[in-house]
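Engineer: So the protein sequences, as listed, match chains X and U.
According to our numbering, the first sequence is numbered sequentially starting from 1.
According to our numbering, the second sequence is numbered sequentially starting from 1001.
Cβ atoms here follow ideal geometry from the backbone N, Cα and C, with glycine treated the same way.
First the structure, which I've put down as structure tokens, then a few questions once you've had a look.
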Amino acid sequence: MTAASGIASGQAARPPALWAPILKDAVLAALVAVLLALPLVGLQTYDIGGGALGIRTHFDWVALAGATVFAGRLALRVVDRLYRSREQRGSAVLARLAVWGSRQMLPITLVGIGFAVALPFLPFSSRYLIDLGTTVLIYVMLGWGLNVVVGLAGLLDLGYVAFYAVGAYTFGLLAQDLGFTFWEALPFSGLVAASFGVVLGFPVLRLRGDYLAIVTLGFGEIIRIVLLNWAPVTGGPNGIGEIPRPSFFGLPFARSAPEGVTTFHQFFGLEFSPDHRVIFLYFVILAMALVTNLFTLRIRRLPVGRAWEALREDEVACRALGINPTTVKLSAFAIGAMFGGFAGCFFATRQGFISPESFTFIESATILAIVVLGGMGSQMGVVLAAILLVSLPEFGRALAEFRMLIFGAAMVGVMVWRPRGLISHREPTLRLGTVRVR
Amino acid sequence: MTGSETAAPLLAVEHLTMRFGGLVAVDDVSFTAYRGEITAIIGPNGAGKTTVFNCLTGFYRPTAGRLAMHQGGEILRLERIEGFRIARRAGVARTFQNIRLFAGMTVLENLIVAQHNRLMKASVFSLAGLLGLPRYRAAERAAVERARYWLDRIGLTDRADWLAAALPYGAQRRLEIARALCTGPALLCLDEPAAGLNPRESAELNELLLGVRAEEGIGILLIEHDMSVVMGISDHVVVLDYGRKIADGTPAEVRADSEVIKAYLGEDDVEELAPLRPLAGGEGGAHATGVGG
């Protein structure tokens, strides 16, 4: 009896106390924001003439940051409290959208591909937009490649950019020393990158999780530093320049060609335009990305692909079923690396110049963020995340220094409302139902 | 029940010893499992039962001893085969004490992954699979059929496309057994398959195992604390205590063995409790938990 009344009175006294932790939490978050903002936003250097620097203080901005975080955190927690479970209520619209999307996968995919193909010919299209599209597609392809390693096989790889670099440098060196063209070098780039994947795979066979992440991070840095310091071969920090541009079945994209060579615009009787090459590059990477996707979707339904996912779920059970974890892991590393290599080869031919600066850790982090934000293992998620992560900073250029702020806010938003990635739905590799029909 | 004399030996464990530093987990244990028979390994907690399984299935390399598997006319030495190859070459499949399903994959996928090696061979380094050659498609259809057969047997056909993690506990246990059977084993090692099952599920499990023994003609090695399962279906019981084998025989013989009663109930109490014959009940779930501890 006394216990029951104690509980009852406790419940009666509770509601006012409920808001205290929320307020406390919001104040704490605001405090952290203020502490961070103080040096980052509050102090600004400026030129006082004669090359000397003065410091300007902006405490109003710090206060603004603190207030924004306080209000945001408070709103988040209040919404959370009002709709008991955020998973079901707070993100209901997004969740329903994701479910709808996974049901309508085929039409959405077709519309997406149709839009991608038509993009260069749309009325609002511009050279800038096509360039941006090319960049997005490079990241989509890299994301799809890394998805094999991280999303399917569950091996956290923080050094994926190494394979991108290996692919780019393979083409760069083949072109510089042996005069290879893009199309001749492409298979070699993939092959060499895949071999590097196996080379990385061997020492990390026994590692997983955090330990694997550290070693792969180190591997990425090793490759970059070797490229930086092995100057006689890689050109060191000067990189490799004058990498040949791709040709259209042997027809170069140039205003004028040497004797006996027909250029693209001459062959098709067009007016020369530098846009031709930009559009062509866009279609090359679109085709490469689509092949990557097709390959991944297909291999996921094969024994290797299922073994990757099984390995992610439980390595011990895999061994008990007679699956060789060594070959399964190595194949995941090799295939993931191969796509990184292809993308690197394309990057080299697109830029015409490569240097170690293009392959820093931030690239690995971006690609991993694309995979994780998109939803591990989800092909469509990678596309959405790549568009978000690559084009958002671009479209935000008008906002000048605030664009990274928008970028950060978008990432926080995704993690708050879709903690398992934009598309966390996993499609089974086969169903008993469909088999029965067949 | 098939007599040990008539059945063909499947696995001969001879003088198996497993040491971890100074701790002797399994000490000079020998026993034989026969084709078409269910051999139970029982013993108090920490007796070394699971360690024996881990040695058999290649998770541990035994310190000493001989593990001879009689397969297809030849004798395979399990302790010399690399861990993951044991399932394929020697046909030894196992389940785990704490269920280890591929939780994020569907029930059907779990059973298809179990047929990895067969499918891998048909997919020829994935090339035939990538190209969708008829040879691979036929193999995949066969794998699905085999999976469907076992799904029917364990009563999960209508839940084939569920995530394995979404199944209730008892169904997960059955699925893990079906997954092991999908590898096409000659010897099936079950580590506490009845743990956490209610009496009805436990009776269904008995039925399944007896059916498998009769139809597949394979040997089953069973670690179990639930005496209703052990006494109800085993042909042959091996009792371990502190890593040593203290008894070996038919369920009736083992039940009457004074060493066994001593191991389970403690030496001092034997005089008082022996007349009650605590192990004689067999079917009582309450007895089983008391004995199993």
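Exposed or buried, which one is S1202/U when buried takes at least 16 other CB atoms within 10 Å?
Structural biologist: buried
Engineer: Give, in chain order, every unbroken run of the alpha helix (DSSP H) that is at least 4 residues long and sits entirely within the region 55-134 of chain X.
Structural biologist: Here the runs fully enclosed are 59-82, 92-103 and 105-118.
Engineer: Would A310/X count as contacting chain U if we go by Cβ distances under 9 Å?
Structural biologist: Answer yes: the Cβ-Cβ gap between A310/X and chain U drops below 9 Å somewhere.
Engineer: Name the chain X residues that come within less than 7 Å of M1120/U, Cβ to Cβ?
Structural biologist: P303
Engineer: Alpha carbon to alpha carbon, how far is N147/X from A193/X?
Structural biologist: 16 Å
Engineer: What runs of the alpha helix (DSSP H), each 4 residues or longer, lie entirely inside the region 325-413 of chain X?
Structural biologist: Restricting attention to alpha helix (DSSP H) runs no shorter than 4 residues, the region 325-413 of chain X encloses them at 325-351, 361-374, 379-386 and 392-395, ordered along the chain.
Engineer: Does the count of Cβ pairs from the region 1081-1099 of chain U and the region 1135-1148 of chain U closer than 8 Å reach three?
Structural biologist: no
Engineer: How big is the Cα-Cα spacing for G90/X and V416/X?
Structural biologist: Per-residue confidence for G90/X stands at a pLDDT of 48, beneath the threshold of 50, marking its modelled position as unreliable; the derived number appears in the next sentence. Taking the straight line from one Cα to the other gives about 10 Å.
Engineer: So which residues on chain X does I1112/U lean against when the C-beta distance must stay under 9 Å?
Structural biologist: P303, R306, T429 and L430
Engineer: Can you check whether the CB of S424/X is closer than 9 Å to the CB of M376/X?
Structural biologist: Using a Cβ distance threshold of 9 Å, M376/X and S424/X count as a contacting pair.
Engineer: Drop a sphere of 10 angstroms on the beta-carbon of T57/X, count the other beta-carbons inside from all chains shown, and report buried for 16 or more, exposed for fewer.
Structural biologist: Answer is exposed; the Cβ neighbour count stays below 16.
Engineer: Just grab the DSSP bridge partners of D1241/U for me.
Structural biologist: R1244/U
Engineer: Report, in whole angstroms, the separation of the C-beta atoms of F333/X and G433/X, which I expect to be a contact under 8 Å.
Structural biologist: Not confirmed; about 34 Å, so no contact.
Engineer: Can you tell which of P1185/U, M1018/U, R1137/U and L1190/U has its C-alpha closest to the C-alpha of R1173/U?
Structural biologist: L1190/U
Engineer: With a threshold of 9 Å between beta carbons, is T1183/U in contact with chain X?
Structural biologist: Yes - at least one Cβ of chain X is within 9 Å of the one on T1183/U.
Engineer: Take L186/X as the anchor and find which of P393/X, R350/X and V371/X has the nearest alpha-carbon.
Structural biologist: Measuring from the Cα of L186/X, the nearest candidate turns out to be R350/X.
Engineer: Examine chain B for any beta-carbon lying closer than 9 Å to the beta-carbon of L330/X, and answer yes or no.
Structural biologist: The chain inventory of the structure shown lacks chain B, comprising the protein chains X and U.
Engineer: Whole beta strand (DSSP E) runs in the region 25-50 of chain X with 3 or more residues, listed along the chain?
Structural biologist: Those beta strand (DSSP E) runs which fall completely within the region 25-50 of chain X and span 3+ residues are 43-47.
Engineer: Please compile the residues from chain X whose C-beta is within a distance smaller than 9 Å of the C-beta of M1105/U.
Structural biologist: In chain order: R306, E309, A310, E313, R426, P428 and T429.
Engineer: Could you tell me whether the Cβ atoms of T1032/U and L1016/U are closer together than 9 Å?
Structural biologist: no
Engineer: Please list, in chain order, the chain X residues whose beta carbon lies closer than 8 Å to that of D1161/U.
Structural biologist: For a Cβ distance threshold of 8 Å, residue set P428, R431, L432 and G433 of chain X lies close to D1161/U, ordered along the chain.
Engineer: Is the region 1200-1214 of chain U touching the region 1108-1128 of chain U in the sense that three or more CB pairs, one from each, lie closer than 8 Å?
Structural biologist: no
Engineer: Which of helix, strand or coil does DSSP assign to Q1115/U?
Structural biologist: coil
Engineer: Please check the pair L38/X and V62/X, which I expect to be a contact at CB under 8 Å, by giving their CB distance rounded to whole angstroms.
Structural biologist: 6 Å
Engineer: Per the DSSP calculation, R255/X is bridged to which residue(s)?
Structural biologist: Its beta-bridge partners do not exist; DSSP assigns none.
Engineer: At which residue ranges does the region 1002-1038 of chain U contain complete beta strand (DSSP E) runs of 3 or more residues, listed in the order of the chain?
Structural biologist: 1009-1020 and 1023-1034
Engineer: Mapping DSSP to helix, strand and coil, what is T1250/U?
Structural biologist: coil
Engineer: Can you give me the Cβ contacts of P1185/U inside the same chain, cut-off strictly under 8 Å, excluding the 5 residues immediately before and after it?
Structural biologist: Only A1087, G1091, V1092, A1093 and I1218 meet the Cβ criterion.
Engineer: Out of D1241/U, D1248/U and H1070/U, point me to the one whose CA is closest to V1265/U's CA.
Structural biologist: At residue 1265/U the sequence reads Leu, which differs from the Val that was named. When each option's Cα is compared against that of L1265/U, the closest is D1241/U.
Engineer: When DSSP labels each residue in this structure, what does H276/X get in the three-state scheme?
Structural biologist: helix
Engineer: What's the call for G151/X, buried or exposed, on a 16-neighbour Cβ count within 10 Å?
Structural biologist: buried
Engineer: Cβ of I1086/U less than 9 Å from any chain X Cβ?
Structural biologist: yes
Engineer: So M1231/U is in the alpha helix (DSSP H); what residue range does that whole segment cover?
Structural biologist: M1227 to I1233
Engineer: Quick one: does V1144/U have its CB under 9 Å from some CB of chain X?
Structural biologist: yes
Engineer: Please tell me whether E1140/U has its Cβ less than 9 Å away from any Cβ of chain X.
Structural biologist: yes
Engineer: Going by the CB atoms, is the gap between L132/X and S391/X shorter than 9 Å?
Structural biologist: Result yes, Cβ atoms of S391/X and L132/X sit closer than 9 Å.
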